[in-house]
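**Q** Dropping a structure here in structure tokens format, bear with me for questions.
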Amino acid sequence: MPDKTYDLFLLMVNLSQYKNKVLIISLFIEGLNASFQPVSFQWKNKNADNTSGSIEVCTRNNRFGYIEPSSFGNLSVENTQFLLNAIQMLAIILEKNDQEKALNTHKNNLTKLVDNKTKELRDVNETLNNQIADYQKLTTILNESNKQLIVAKEKAEESSRLKTSFLRNISHEIRTPLNSIIGFSELMNMLDIEDDVLKNYTQIISKSGTQLLSIITDILTISSIDAGQEKLKKEIFSLNQLMEELLEVFKLKATNKDVFFKIIREIPSERDFIILDKTKLTQILSSLLSNAVKFTERGQIQIGCTYENQQLSFFVKDTGIGIPENRRNVIFERFAQASEAISVDYGGTGLGLSIAKGFVELMNGRIWVESKPGVGSVFHFTIPLSEDQIFPNLQTMSGHMKSLISGSSSHTILIAEDYIYNFMYLKAVLEPYKVKVIHAENGKEAVDICLKDGSIDLVFMDLKMPVMDGKTAASLIKREKPDLKIIAQTAYVTDISKEESANIFDDYLTKPFSPQKIISILAEYLS
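Taking the working numbering, the leading residue of the sequence shown gets 1278, the next gets one more, and so forth.
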């Protein structure tokens, strides 16, 4: 404690015998305020003559307590020292409390600041992590896009190369038979030719024309497949008979080769007749057999088929040149061949296997190849076929159709045909099925009957009739009855007219048509 304060207390004690307490207390308060900061002392509640009251003890504007000056009159030195020590301790405690409060406040402020900064850093970190994740995703997408672009670029380059190669090949393939046709035609007009030579020239022209037609047909077919315009036309036929006929055709094409042909008969007689698109199946097998004959100089060519788990499995096996492993998938692409040398050595457009693949997939099947260079190849393809699409023979199938039709409600069929013998033929084929047959002799009569009679289930419509042609009549009927099935009968229908009339006719019968074809129509539209 400063001596000044102590001296003041001694002064107070020594002067306590005097009555002027006001001076003593004022001096005391002055000494306290000078010595015990930040504690302040004020004289409160003084009376009129300033001889009584109390000293208020405050810290940072907070009232703490009072010291009564009335007790100062008889203070001894010891008591005064004790009081001074007490006040000093009070000041220290108050200062410490204030420091602790200030420290706690500062600590709390720092904690809040740290928490706020921590939260800000966490938010920034989370934002950065999200940005990094987004960048990683973007990088992944860009890398994938780059890969796709590279693949697309490679495919485009390969497609361009294939198309260039195809154009060269197709130009050669078209010009070769065309040159024979034009050349021998001019020779026939220019020279006086003997009959035997003339006959030979006409045979060459005929063969070249057939070859040219085949090439053009392939180009149109692949275009139709790519455009999604190919449709399935189911009919009833003998599978074994089809394979036998194909084998005989290709035996003739391989007469100059040391090749043996064989059918692996695994389709029993009770599974001989099936309902399928015969034309497309024939084209698939023909393409595979044609390649087998082309690339096999000696050995064996086999064709076979099995039926298991409602699926037809075909194979064509040869002992030809084989296919390298890296080209086994490529050969099914447009314009592709096993190697560029093949187009030079063997010719061809590179469309046959693409067409076969397109037809197999159109029938919900799958095609693939197993091959070893120098040993040979085996082409496989499968086609789903349910049990109700297989019959032991035509009579059984016809009986099955009868049971289906007779088991349901009776059917009425309208035959619009101006030529009486064609009507009689259709009626004779339909009679076993116990259907009601109505005859219309022209298109207008067919329209009138269909619009008046609501019981008609199927219409056979000839295209060339008097009064009103079949196409016009069918169009008028479809306008009023869009769900009524109409089958066109014609001898000159083409694929183009079929596409143009797709919303008018549901199917086509090309003259001359067999009873099997008519039964196929009944199977598809009435059973």
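We put the CB at the ideal spot given by N, CA and C, even for glycine. Just so you know, these numbers come straight off a predicted model, no measurement behind them.
Where residue 1610 and residue 1632 are concerned, what is the direct C-alpha to C-alpha distance, given to the nearest angstrom?
**A** 9 Å
**Q** Unbroken beta strand (DSSP E) runs of length 3 or more, entirely within the region 1722–1748: which are they?
**A** 1733–1739
**Q** Strictly under 8 Å for the Cβ-Cβ distance: is residue 1755 near chain C by that measure?
**A** Note that chain C does not occur in the displayed structure, where there is just one protein chain.
**Q** Can you grab the Cα-Cα spacing for the pair residue 1607 / residue 1552, in whole Å?
**A** 32 Å
**Q** Can you tell me the Cα-Cα spacing of residue 1754 and residue 1801, whole angstroms?
**A** In this structure, the CA atom of residue 1754 is about 21 Å from the CA atom of residue 1801.
**Q** How big is the Cα-Cα spacing for residue 1557 and residue 1466?
**A** The C-alpha of residue 1466 is placed about 40 Å away from the C-alpha of residue 1557.
**Q** Quick one: measure Cβ to Cβ for residue 1589 and residue 1662, integer angstroms, because I've assumed they're closer than 8 Å.
**A** Right, the Cβ-Cβ distance comes to about 5 Å (below 8 Å), so this counts as a contact.
**Q** Can you give me the Cβ contacts of residue 1723 inside the same chain, cut-off strictly under 6 Å, excluding the 5 residues immediately before and after it?
**A** 1693, 1717 and 1750
**Q** If contact is defined by three or more beta carbon pairs under 8 Å, each pair taking one atom from either stretch, is the region 1492–1504 in contact with the region 1514–1526?
**A** no
**Q** Rounded to whole angstroms, how far is the Cβ of residue 1524 from the Cβ of residue 1540, which I believe are closer than 8 Å?
**A** Contact flag correct, Cβ pair sits at about 6 Å.
**Q** According to the Cβ coordinates, are residue 1757 and residue 1728 closer than 8 Å?
**A** Cβ atoms of residue 1757 and residue 1728: closer than 8 Å.
**Q** I need the DSSP call for residue 1694, collapsed to helix, strand or coil.
**A** coil
**Q** Can the beta-carbon of residue 1538 be found less than 8 Å from the beta-carbon of residue 1578?
**A** Result yes, Cβ atoms of residue 1538 and residue 1578 sit closer than 8 Å.
**Q** Who are the near neighbours of residue 1642 in its chain, counting only those whose CB is closer than 6 Å to its CB and skipping five residues on each side?
**A** 1658, 1659 and 1660
**Q** Between the beta-carbon of residue 1739 and the beta-carbon of residue 1783, is there less than 8 Å?
**A** The criterion of a C-beta distance shorter than 8 Å is not satisfied by residue 1739 and residue 1783.
**Q** Tell me the DSSP bridge mates of residue 1576?
**A** 1536
**Q** With DSSP collapsed to three states, give me the class of residue 1480.
**A** Helix.
**Q** How close, in whole Å, do the beta carbons of residue 1592 and residue 1655 come, if the pair is a contact with beta carbons under 8 Å?
**A** 6 Å
**Q** Using DSSP with H/G/I as helix, E/B as strand and the rest coil, what is residue 1485?
**A** helix
**Q** Taking only three categories from DSSP, how would you classify residue 1506?
**A** coil
**Q** What is the DSSP secondary structure of residue 1592, reduced to helix, strand or coil?
**A** strand
**Q** Verify whether the separation of the beta carbon atoms of residue 1458 and residue 1485 is less than 8 Å.
**A** Cβ atoms of residue 1458 and residue 1485: closer than 8 Å.
**Q** Using DSSP bridges, identify the partner residues of residue 1653.
**A** 1649
**Q** Restricting to Cα atoms, I'd like to know which of 1799, 1702, 1497 and 1630 is closest to residue 1563.
**A** 1630
**Q** Looking at the structure shown, is residue 1762 part of a helix, part of a strand, or coil, going by DSSP?
**A** strand
**Q** Let's test the definition: count the other Cβ atoms within 10 Å of the Cβ of residue 1788 and tell me whether it reaches 16, buried, or not, exposed.
**A** exposed
**Q** Using DSSP's beta-bridge definition, name the partner residues of residue 1786.
**A** Partner(s): 1766.
**Q** What are the start and end residues of the alpha helix (DSSP H) that includes residue 1800?
**A** 1792–1802
**Q** Give me the Cα-Cα distance between residue 1706 and residue 1425, rounded to the nearest whole angstrom.
**A** 58 Å
**Q** Determine whether the beta carbon atoms of residue 1798 and residue 1703 lie at a separation below 8 Å.
**A** no
**Q** Closest to residue 1530 by C-alpha separation, out of 1502, 1644, 1768 and 1570, would be which residue?
**A** 1570
**Q** Taking residue 1631 as part of the alpha helix (DSSP H), name the residues at either end of that continuous run.
**A** 1629–1639
**Q** Bridge partners of residue 1391, per DSSP?
**A** None, per the DSSP bridge assignment.
**Q** Going by DSSP, what residue range makes up the alpha helix (DSSP H) through residue 1527?
**A** 1516–1530
**Q** Would you mind reading off the limits of the beta strand (DSSP E) that contains residue 1717?
**A** 1713–1717
**Q** Do you know how far the Cα of residue 1433 is from the Cα of residue 1791?
**A** 47 Å
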